[in-house]
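Numbering (my numbering), first residue to last: 175 to 745.
Ideal Cβ placement from N, Cα and C applies to all residues, glycine included.
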Amino acid sequence: MKNADIAHLFESIAYFLEVKDDNPFKIRAYRTAALSIKNLGEAIEAVAAEGRLEEIPGVGKDLAAKIMEFLATGTMKHYEELKTETPEAVIDMMSVPGLGPKTAMLLYDKLKIRNIDELERKAKAHKVSGLPGIGDKTEENILKGISLVKRRAGTMTLKEALDAARDIIPRMKKLAAVKRIDAAGSLRRMKEAVRDIDILTVSKDPSSVMDAFVRLPMAKEVISKGNTKSEIVRDDGVQVDLRVVEPESYGAALVYFTGSKAHNVHIRQLAKKIGLKVNEYGVFRMKDGRRIAGRSEEEVDGALKMAFVPPELREDRGEVDVALEGKLPRLVDKRDIKGDLHVHSAWSDGDSQIEEIVRACIKKAYRYVVIADHSKGLKVAGGLSEKEARSKLKEIKTINGKLKGFRILSGAEVEIAEDGSIDYSDDVLKSFDIVIAAIHSGFKQPKEKLTRRILRAMDNRYVHIIAHPTGRHMGVRDPGDIDLEAVFRNAAATNTALEINAYPERLDLNDINARAARDAGAKIAIGTDAHTMEHLDSMELGLAVARRAWLTKGDLLNALSPDELLKSVRK
DNA sequence: GCCGTTTTCGGCCCGACTGTTTTCAGTCG
């Protein structure tokens with residue numbers, strides 16, 4: 175899939191044009207197109223082959239031609255040209271917060287700065303202050319920005335962000351001055367990767383809230399502290415922003431600070447068309463400036479004649495139009511989840527005995543758990559021989575005999591070999607309730623081979639679920655080069671479910687792919703891949719991916735009762 | 001560069017903050 179490559183090229187072009195001080199709307203057009211292509215649920219090669227490029231929102235004649243050019247030649251002339259005429263140092267410097275194209279270009283022109291280290295040296299030597307429009311303050315801020323860039327390890331996982339927010343929000347909630355408090359931003363949208371944490375509050379006494387915030391024990395550094403907005407950096411480098419608003423603006427502010435930016439732009443355009451203006455303070459009538467909504471998000475969406483859009487959907491992936499029609503899906507909910515479809519026990523590489531897992535799952539109000547230990551092919555993870563697998567089945571039977579209202583489903587996470595065969599014989603496979611097949615080696619194989627392995631595994635009538643289909647590990651390993659559309663089609667055709675693996679660094683399938691898989695007719699299974707009892711909590715993350723994929727409970731195996739599940743996966 | 005139940009040309013979301021300015025440019029979300 176070349177989607178990410180093309181999106182990246184368009185984003186780069188946007189930066190180049192910014193440095194050239196080109197038409198800002200043209201720059202926006204490139205960014206819009208890049209986002210649209212990232213959000214695409216299918217390979218852009220396929221869209222191009224069918225002549226549908228201009229159906230992609232934000233892609234017109236020009237950009238369609240550039241995409242075709244890239245697909246045919248592997249390069250884009252416009253990009254290459256801009257790249258040679260734009261100094262790399264300027265693009266580098268723009269990664270420093272507070273440094274935009276204008277200042278970066280100025281620094282490059284006047285001081286011939288070649289990289290960020292050099293910029294740091296010159297700023298420390300006070301060579302930056304005194305340039306036109308730059309004083310001591312700006313120089314100081316550049317140094318602050320550089321230290322921030324150096325410490326910031328890109329993004330954190332959704333789990334890390336949730337943990338950080340859950341460390342801070344309860345402390346702030348205890349303050350008498352805090353009337354309401356919510357996480358906002360990409361964290362509230364439950365995005366798989368989060369850059370900083372945005373928190374929104376209501377208070378009659380903002381300054382005392384700000385004081386308490388910057389004095390939090392985990393606040394290592396205070397970036398800014400104002401009356402309504404402050405920013406801190408935690409000891410682990412995570413930036414946390416806190417804002418205070420009036421109660422009558424809380425809903426509008428929550429919409430605004432939750433984003434996404436593309437979603438906000440879309441609803442503001444929409445508002446304009448019907449004579450309204452939306453900002454972070456409310457919804458206003460254009461003709462007399464009167465506020466008609468703002469206290470709650472429902473009120474804001476309602477004023478725009480939209481159904482309430484759940485935060486997870488606010489990515490400008492069609493949710494605005496569907497909300498206008500009042501046809502948003504009822505997203506799958508925590509209460510719909512009746513079981514975990516992928517848990518490892520101490521039989522292979524898990525920490526816990528089956529009985530302990532059962533107790534933990536009963537606590538979560540589940541009705542079943544699939545104990546899916548590794549198979550003999552994955553020796554490093556203590557994969558079970560056929561004989562051990564039989565002993566495990568016996569133990570499960572014994573424990574099940576003692577349980578009421580809860581059931582252990584016997585499972586295995588089996589290996590998909592190089593040729594797509596499975597490392598247990600059919601006789602062994604059919605003794606399990608649920609068989610999950612997975613690739614654990616050879617992710618870098620060529621697309622055809624990798625795809626064929628998965629397709630063949632799905633053709634096995636005893637394989638019910640494909641685990642972590644793309645094999646990605648955020649920050650460690652990119653997704654394998656796989657023809658996902660072929661996988662989705664075959665999943666539907668063979669009644670093989672595809673997993674949303676809820677392991678924090680996996681989240682695989684991701685939101686976009688899970689939605690495309692469902693649209694292709696595939697069933698989806700959330701599995702935590704838990705190896706410890708804490709890992710069972712990752713269901714929350716898998717559920718977030720499912721919601722961001724627009725899934726309803728009818729799309730998820732986890733929403734079925736044990737009996738329904740066993741019936742549903744039969745081939 | 002895209003886009004069109006107000007348009008194929010003339011728009012394109014909206015506001016805050018900061019710093020360096022005497023009215024605004026740059027940056028950010």
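Can you tell me the Cβ-Cβ gap for residue i and residue j, rounded? I've got them flagged as a contact below 8 angstroms.
{"i": "residue 211", "j": "residue 230", "result": "7 angstroms"}
{"i": "residue 516", "j": "residue 701", "result": "2 angstroms"}
{"i": "residue 418", "j": "residue 402", "result": "5 angstroms"}
{"i": "residue 245", "j": "residue 216", "result": "So it is not a contact: roughly 14 angstroms between Cβ atoms."}
{"i": "residue 271", "j": "residue 191", "result": "Not really, about 21 angstroms apart at Cβ, beyond 8 angstroms."}
{"i": "residue 656", "j": "residue 621", "result": "7 angstroms"}
{"i": "residue 396", "j": "residue 429", "result": "Not confirmed; about 28 angstroms, so no contact."}
What does the alpha-carbon distance come out to for the pair residue i and residue j?
{"i": "residue 462", "j": "residue 447", "result": "16 angstroms"}
{"i": "residue 353", "j": "residue 407", "result": "24 angstroms"}
{"i": "residue 659", "j": "residue 629", "result": "11 angstroms"}
{"i": "residue 366", "j": "residue 304", "result": "43 angstroms"}
{"i": "residue 465", "j": "residue 441", "result": "16 angstroms"}
{"i": "residue 297", "j": "residue 318", "result": "11 angstroms"}
{"i": "residue 624", "j": "residue 618", "result": "8 angstroms"}
{"i": "residue 415", "j": "residue 374", "result": "8 angstroms"}
{"i": "residue 693", "j": "residue 504", "result": "16 angstroms"}
{"i": "residue 650", "j": "residue 643", "result": "16 angstroms"}
{"i": "residue 274", "j": "residue 237", "result": "25 angstroms"}
{"i": "residue 672", "j": "residue 641", "result": "7 angstroms"}
{"i": "residue 333", "j": "residue 683", "result": "16 angstroms"}
{"i": "residue 350", "j": "residue 379", "result": "9 angstroms"}
{"i": "residue 196", "j": "residue 278", "result": "15 angstroms"}
{"i": "residue 717", "j": "residue 732", "result": "10 angstroms"}
{"i": "residue 498", "j": "residue 703", "result": "38 angstroms"}
{"i": "residue 179", "j": "residue 209", "result": "12 angstroms"}
{"i": "residue 233", "j": "residue 483", "result": "26 angstroms"}
{"i": "residue 627", "j": "residue 634", "result": "11 angstroms"}
{"i": "residue 662", "j": "residue 699", "result": "13 angstroms"}
{"i": "residue 346", "j": "residue 383", "result": "8 angstroms"}
{"i": "residue 719", "j": "residue 299", "result": "48 angstroms"}
{"i": "residue 248", "j": "residue 262", "result": "22 angstroms"}
{"i": "residue 544", "j": "residue 496", "result": "36 angstroms"}
{"i": "residue 740", "j": "residue 438", "result": "43 angstroms"}
{"i": "residue 600", "j": "residue 636", "result": "7 angstroms"}
Here's the rule: buried if 16 or more other CB atoms are within 10 angstroms of the residue's CB, otherwise exposed. What is residue i?
{"i": "residue 501", "result": "exposed"}
{"i": "residue 391", "result": "exposed"}
{"i": "residue 735", "result": "exposed"}
{"i": "residue 526", "result": "buried"}
{"i": "residue 276", "result": "exposed"}
{"i": "residue 549", "result": "buried"}
{"i": "residue 534", "result": "buried"}
{"i": "residue 572", "result": "exposed"}
{"i": "residue 468", "result": "buried"}
{"i": "residue 675", "result": "buried"}
{"i": "residue 368", "result": "buried"}
{"i": "residue 631", "result": "buried"}
{"i": "residue 568", "result": "exposed"}
{"i": "residue 221", "result": "buried"}
{"i": "residue 710", "result": "buried"}
{"i": "residue 680", "result": "buried"}
{"i": "residue 565", "result": "exposed"}
{"i": "residue 425", "result": "buried"}
So what does residue i bridge to, in DSSP terms?
{"i": "residue 330", "result": "368"}
{"i": "residue 356", "result": "374"}
{"i": "residue 682", "result": "675"}
{"i": "residue 547", "result": "586"}
{"i": "residue 403", "result": "417"}
{"i": "residue 580", "result": "None; residue 580 has no bridge partner."}
{"i": "residue 611", "result": "588, 640"}
{"i": "residue 463", "result": "DSSP lists no partner for residue 463."}
{"i": "residue 698", "result": "672, 730"}
{"i": "residue 458", "result": "451, 465"}
{"i": "residue 542", "result": "513, 581"}
{"i": "residue 396", "result": "406"}
{"i": "residue 651", "result": "647"}
The region 678–698 touching the region 723–731, judged by at least three CB pairs closer than 8 angstroms: yes
Validate contact between the region 252–259 and the region 217–231 using beta carbons, cut 8 angstroms, 3 pairs: no
Inter-stretch contact at 8 angstroms, needing at least 3 Cβ pairs: the region 506–522 / the region 532–552: yes
At least three beta-carbon pairs within less than 8 angstroms, the region 482–494 to the region 519–534: no
Given 8 angstroms, three or more beta-carbon pairs between the region 310–318 and the region 341–351: no
Touching by the beta-carbon criterion (3+ pairs, under 8 angstroms), the region 583–592 and the region 601–617: yes
Given 8 angstroms, three or more beta-carbon pairs between the region 356–363 and the region 378–387: no
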